[in-house]
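One structure is given below, encoded as structure tokens.
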Amino acid sequence: MHTRRLTPLLAAAILWGSAPHTTVAQDATVDREAKRQALLERARADRALSDASSEHLISIEFPGGTLREYVDAIKRAAAPEPVNIVVRDNGVEFSIDPVTLTQVSIESALAVIEHSGQTVVNGRYLHAGARLTKPSGGGQPVHVVYVQDLGAEESSPNRSPESRDFLVLQIKELTTALPGDPPESVVPAETVLTAIEAVLEIAGNADETKVKYHAPSGLVMIAGPVNSLRAAEQVLSQMSRDTSVRRSRARELQTSQGLTNPEMLESELADAQADLELAQVRMHVASERHQLAEQGLAKTHDLVEGGFVSEGDLEQRRVRMIESQAEIEECRIEMERQHQRVEQLRRSLDRARAISSGGGSASEIDALRTENTMLRDRLAVMEAQLAQLQGRLNSQPGVGRAGTGAGGGRSGGGGR
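FYI, the numbering for the sequence shown is 2 to 417, going by this note's numbering.
Here it is, written out as structure tokens:
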């Protein structure tokens, strides 16, 4: 059941005919408040997770040893603060060279593992890495340290250390309508999955990639080559932006239809303020990622000069830097767009209150509608800037090309 807003004329007719029908507006207000609280809680959780994973700095002097010994050294350096690190080395004694770090984050200390090079054990190439996972039920982040088997020594001497990985995507915000959303703002799960599988085919790794969809939780789980996972993530990011634009336009249309209804505008303003806070949180997280990308690029450059890693690793770091810069620019534009929306609603609410109290006139209503149209035009210009940014990103070598495939057939390698 999708909650629809009533136009002022229809609302007036209902109120005139029968007083008990006011519960419809009350229910809509309750739904709006529930959505606002959910958005605020999500923003606080995202901010807490970002702060928890980046604010604690450590210094470490590691003389060299096994992977587990290095993880134990990180935990000792972080004490008394608890650090959640899970090691999956399959019983292999992967060695880490001596390491000296001063005032770095836990993520930076674990990033050293990724640049430790390859080890040959029993004729097979092995590589270690680390990734950060966010518990679905909330709480502190968990770092997973793992050892990858890259294949036989004679068959894969030049295989990339980041050959395979695992990715979990949440698509519920695309497939589930929020209170007040029109039906056309919802994307069927089948459409999302088809887009993901189509881009896997374009990336050329469909046969090596497995896709599973868990409908009750809205999670899509993908295992395969890293470039396939990034392509799938880009598709979901683009679809999320498109859905956000459609929802914003629908809200703007509903707002323009209720320009003289103070209660409706108050609900819209609360919703817009929550969206602005979320945009600010995303900018904070994007800035943190950009800082990590800068650190990773500098370290990889030093490792390339020392002959420890290949030029391919350096190119991957450059790609991540470009992606993080684009993400920051997108967040900046989104914050400005949401700020304009909040200011527009505040002015509309002030004038609507004046009109409802007898201080307004038909000419003021017309002026308000004109201003609303001008602001929507400004929002359209900002959306065009976003599209131009995406075009520039796609033109970079190795960046964003997979995101061009939004259609196509089913992937033979993706089972659900």
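Glycine included, each C-beta is placed from N, C-alpha and C at the ideal position.
query	result
Whole runs of the beta strand (DSSP E) within the stretch 67-134, excluding any shorter than 3 residues	86-89, 100-106, 119-122 and 125-134
Rounded C-alpha distance that separates Met284 from Val187	25 Å
Neighbourhood of Ile329 by C-beta distance below 6 Å, restricted to the same chain and skipping five residues each side	Ala287 and His291
DSSP beta-bridge partners of Asp166	Gly225
Sequence-distant residues of the same chain with beta carbon closer than 7 Å to Pro189, five excluded per side	Thr176
contact_flag[the stretch 294-306, the stretch 332-339] where n(CB pairs < 8 Å) is 3 or more	no
Cβ neighbour criterion (16 or more within 10 Å) applied to Thr103	exposed
Pick from Lys173, Asp272 and Thr244 that is closest to Pro217, judged by C-alpha positions	Lys173
Assumed close pair Asn91, His144 - CB separation to whole angstroms, cut-off 8 Å	Wrong, their Cβ atoms sit about 17 Å apart, outside the cutoff.
Leu277 to Arg250 span [Cα, whole Å]	16 Å
Ile203 in three-state terms, based on DSSP	helix
Contacts around Gln281, its chain only, beta-carbon distance under 7 Å, and the 5 residues preceding and following it disregarded	Met336
Closest residue to Ala129 among Ala112, Gln141 and Gln345 (Cα-Cα distance)	Ala112
Residue(s) in a DSSP beta bridge with Gln171	Leu220
Closest by C-alpha distance to Glu419, when choosing among Arg132, Thr301, Val343 and Arg318	Outside the shown range of the chain, which is 2 to 417, sits residue 419, and nothing can be said about it.
Buried/exposed call for Asp351, threshold 16 Cβ in 10 Å	exposed
Exposure label - Asp208; buried when at least 16 CB within 10 Å	exposed
Residue range of the alpha helix (DSSP H) that includes Ser60	Note, Ser60: premise wrong, no alpha helix (DSSP H); beta strand (DSSP E) at Leu58 to Phe63.
For Val212, the first and last residue of its enclosing beta strand (DSSP E)	Lys211 to His215
Residues near Phe167 in its chain [Cβ-Cβ closer than 6 Å; skip 5 each side]	Ala224
Endpoints, the alpha helix (DSSP H) within which Gly297 is located	Pro263 to Glu306
Rounded separation between Ala131 and Met265 - CA only	48 Å
Alpha-carbon to alpha-carbon, Val200 and Ser229	8 Å
Three-way DSSP call (helix, strand, coil) for Val310 in this model	coil
Identity of the residue in Ser60, Phe63 and Thr301 nearest Glu1 by Cα	Here the chain covers residues 2 to 417 and nothing more, so residue 1 does not appear.
Sub-8 Å separation of Val93 and Val72 beta-carbons	no
C-alpha gap between Leu293 and Ala353, whole angstroms	47 Å
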